[in-house]
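J.:
There are 2 protein chains.
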Amino acid sequence: MKKTRDNIATKLLLTLAAAVLITFQGFSQTKANADAEKAIFPKGEQGPASNFTGKAFNYGLVANDSTYNTVVGNVLFEPGARSNWHRHPAGQILIITAGEGYHQIKGKPIEKMRKGDVVKCPPNVEHWHGASPDSSLHQMYIIPNTEKGIVEWLQPVTDKEYNAFK
Amino acid sequence: MKKTRDNIATKLLLTLAAAVLITFQGFSQTKANADAEKAIFPKGEQGPASNFTGKAFNYGLVANDSTYNTVVGNVLFEPGARSNWHRHPAGQILIITAGEGYHQIKGKPIEKMRKGDVVKCPPNVEHWHGASPDSSLHQMYIIPNTEKGIVEWLQPVTDKEYNAFK
Chain D
1 MKKTRDNIAT KLLLTLAAAV LITFQGFSQT KANADAEKAI FPKGEQGPAS NFTGKAFNYG
61 LVANDSTYNT VVGNVLFEPG ARSNWHRHPA GQILIITAGE GYHQIKGKPI EKMRKGDVVK
121 CPPNVEHWHG ASPDSSLHQM YIIPNTEKGI VEWLQPVTDK EYNAFK
Chain U
167 MKKTRDNIAT KLLLTLAAAV LITFQGFSQT KANADAEKAI FPKGEQGPAS NFTGKAFNYG
227 LVANDSTYNT VVGNVLFEPG ARSNWHRHPA GQILIITAGE GYHQIKGKPI EKMRKGDVVK
287 CPPNVEHWHG ASPDSSLHQM YIIPNTEKGI VEWLQPVTDK EYNAFK
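Residue numbers (this note's numbering), protein chains in the order written: chain D, 1 to 166; chain U, 167 to 332.
(1) Starting from Y162(D), trace the alpha helix (DSSP H) in both directions and tell me its first and last residue.
(2) Output yes or no for whether 7 Å exceeds the beta carbon distance between V72(D) and I142(D).
(3) Could you work out which residues of chain D lie near P275(U), taking near to mean beta carbons separated by less than 9 Å?
(4) When you compare each of T219(U), E277(U), Y268(U) and D231(U) to N145(D) by their alpha carbons, which one comes out closest?
(5) Can you find a CB in chain U that lies within less than 7 Å of the CB of Y68(D)?
(6) Determine the DSSP secondary structure at K314(U), reduced to helix, strand or coil.
(7) For A222(U), list the residues DSSP reports as bridge partners.
(8) Can the beta-carbon of G60(D) be found closer than 7 Å to that of A81(D)?
(9) Tell me whether F165(D) is buried or exposed, calling it buried when 16 or more other Cβ atoms sit within 10 Å of its Cβ.
(10) Report yes if the CB atom of L154(D) is closer than 7 Å to the CB atom of N84(D), and no otherwise.
(11) Got a sec? Which residues, its chain only, sit under 8 Å from P156(D) by beta carbon, not counting five neighbours each side?
(12) Here's the rule: buried if 16 or more other CB atoms are within 10 angstroms of the residue's CB, otherwise exposed. What is G107(D)?
(13) Can you list the beta strand (DSSP E) stretches of 3 or more residues lying completely in the segment 243-307 of chain U, in chain order?
(14) Closest by CA to N74(D), which one among S132(D), K43(D), Y68(D) and P123(D)?
(15) Using a Cβ-Cβ cut-off of 6 Å (strictly less than) and excluding sequence neighbours within five positions of G47(D), which residues of its own chain qualify?
(16) Taking the alpha carbon of L242(U) as the reference point, which residue from K314(U), I276(U), P275(U) and K281(U) has its own alpha carbon closest?
(17) Let me check understanding here. Comparing Cα to Cα, which of K148(D), Q139(D) and H103(D) lies closest to N124(D)?
(18) Distance, Cα to Cα, G113(D) vs E100(D)?
(19) How big is the Cα-Cα spacing for H254(U) and S50(D)?
(20) Between H293(U) and I276(U), what straight-line distance do the alpha-carbon atoms span, to the nearest angstrom?
(21) In whole angstroms, what is the alpha-carbon distance linking I176(D) and T158(D)?
(22) Is V125(D) close to chain U, meaning its C-beta is less than 7 Å from at least one C-beta of that chain?
(23) How about V151(D): is its C-beta nearer than 7 Å to some C-beta of chain U?
(24) Which partner residues does I40(D) have in the DSSP bridge list?
(25) What residues of chain D sit near I261(U), judged by a beta carbon separation below 8 Å?
(26) Can you give me the C-alpha to C-alpha distance between V171(D) and Q258(U), rounded to a whole angstrom?
(27) In angstroms, rounded to a whole number, what distance separates the CA positions of L260(U) and T233(U)?
(28) Looking at chain D, is there any beta carbon in it that lies within less than 7 Å of the beta carbon of G265(U)?
(29) Provide the residue(s) that pair with Q212(U) in DSSP beta bridges, ordered along the chain.
(30) In chain D, what lies closer than 9 Å to K286(U) by C-beta?
(31) Do I206(U) and T97(D) have their CB atoms nearer than 7 Å?
(32) Kindly list, in the order they appear in chain U, the residues whose Cβ is closer than 7 Å to that of K115(D).
(33) Would you check whether the ligand FMN has a heavy atom nearer than 6 Å to the C-beta of I150(D)?
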């Protein structure tokens, strides 16, 4: 009698364990899909080596026109990737939607940027931005008043400049 | 001998089932925390009933000034919530970061907006935007050329207007 009870218990537990494992696997897959779908925008086109160090992908959201005078886009910087130094004649607003990165205005220390941060760079001021060494960066940019111009590209950010973050 | 084997098997399976359940519970909690942390920006302040139907929360990202002439913010609309009809003297750009919602330009059909969508509303055109009935909406807005003005609020969107979505 005891033996039969144990057999039934064993079978019940095997069934339970299998059910839990199947549920757990299904849940893991849902989580993996959710992670894959996390990015808000498509990856976009890789930025040219003449303007970027490492891999940075640009996805345009709003093209320039004479109604809004505004350019908006999203850049995905892979870890360690950054823009060259550059200037915007009417300034730029950065909005971080995921990950972690760096921003530097010429002559000032590097500032860390994280999800939810908003960073402004004034008109005609040299700056660069990119991912931190160990994290990618999802960064929207807004260039206002484009009737004054959009961007003037300058020299690359050297490893020495990039690694100066304290 | 068989009885002993069954007993050992039962105990092993009990331990396994418990371990899987504990892991599963931990995983569920991590997932719940991840969901809670998903929003990019803080919830912000509830918009006034004079301008919104239902609950809409505004979080300012960029305040108006004479350098950028741009106002940026994020609105979280709860399901069914929407703005009144309104106009922007220099137009508005909407960027959807999560959820699902509606946007309508006066005289045109309601358009559905989803994560990753960009919607433009031209200067001085009457429009409204909000969540769909069954989903919240996380929506960034950009108001350019604010030297021309920011917003002129009008009448509420009636239930009949809101429910006209096909």
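A virtual CB, placed ideally from N, CA and C, is assigned to each residue, including glycine.
Source: prediction; values computed, not measured.
T.: The relevant details are as follows:
(1) It spans D159 to Y162 - the alpha helix (DSSP H) in which Y162(D) sits, taken as one unbroken run.
(2) Yes, the pair counts as a contact, with Cβ atoms nearer than the cut-off.
(3) Near P275(U) there are no residues of chain D at all, since even the closest Cβ is about 22 Å away, more than 9 Å.
(4) Comparing C-alpha distances from N145(D) to each of T219(U), E277(U), Y268(U) and D231(U) shows the shortest one belongs to D231(U).
(5) It does: the Cβ of Y68(D) has a partner Cβ on chain U nearer than 7 Å.
(6) DSSP places K314(U) in helix when its eight states are reduced to three.
(7) In DSSP, A222(U) forms a bridge with F243(U).
(8) Result no, Cβ atoms of G60(D) and A81(D) do not sit closer than 7 Å.
(9) With fewer than 16 Cβ atoms within 10 Å of its Cβ, F165(D) is classed as exposed.
(10) Contact flag set, yes.
(11) Only T53, N84 and W85 meet the Cβ criterion.
(12) With fewer than 16 other Cβ atoms within 10 Å, it is exposed.
(13) Counting only runs of at least 3 residues, the segment 243-307 of chain U fully encloses the following beta strand (DSSP E) elements, listed from N- to C-terminal order: 258-271, 277-280, 284-287 and 293-297.
(14) Checked all of S132(D), K43(D), Y68(D) and P123(D); the closest Cα to N74(D) is K43(D).
(15) Result list for G47(D): A56 and N58, in chain order.
(16) Among K314(U), I276(U), P275(U) and K281(U), the Cα nearest to that of L242(U) belongs to K281(U).
(17) It is K148(D) whose Cα lies nearest to the Cα of N124(D).
(18) This sequence places Met at residue 113(D); Gly is not what is there. Between M113(D) and E100(D), the C-alpha separation is close to 6 Å.
(19) For H254(U) and S50(D), the gap between their C-alpha atoms comes out near 39 Å.
(20) Our two residues, H293(U) and I276(U), have alpha carbons roughly 10 Å apart in a direct line.
(21) Nothing in the structure corresponds to residue 176(D), since chain D is present only between 1 and 166.
(22) Closer than 7 Å: no.
(23) The C-beta of V151(D) comes no closer than 7 Å to any C-beta of chain U.
(24) None, per the DSSP bridge assignment.
(25) The answer, in chain order, is L61, V72 and M140.
(26) The shown model of chain D, from 1 to 166, leaves out residue 171(D), and the question about it has no answer.
(27) A straight line joining the alpha-carbon of L260(U) with that of T233(U) spans about 22 Å.
(28) By this cut-off, G265(U) is not an interface position.
(29) Beta-bridge pairing links Q212(U) to F223(U).
(30) The contacting residues are V62, T67 and Y68.
(31) Cβ distance < 7 Å, so I206(U) and T97(D) count as in contact.
(32) For K115(D), the neighbours in chain U by C-beta distance under 7 Å run, in chain order, I206.
(33) The model on display carries no ligand, and the ligand FMN is accordingly not part of it.
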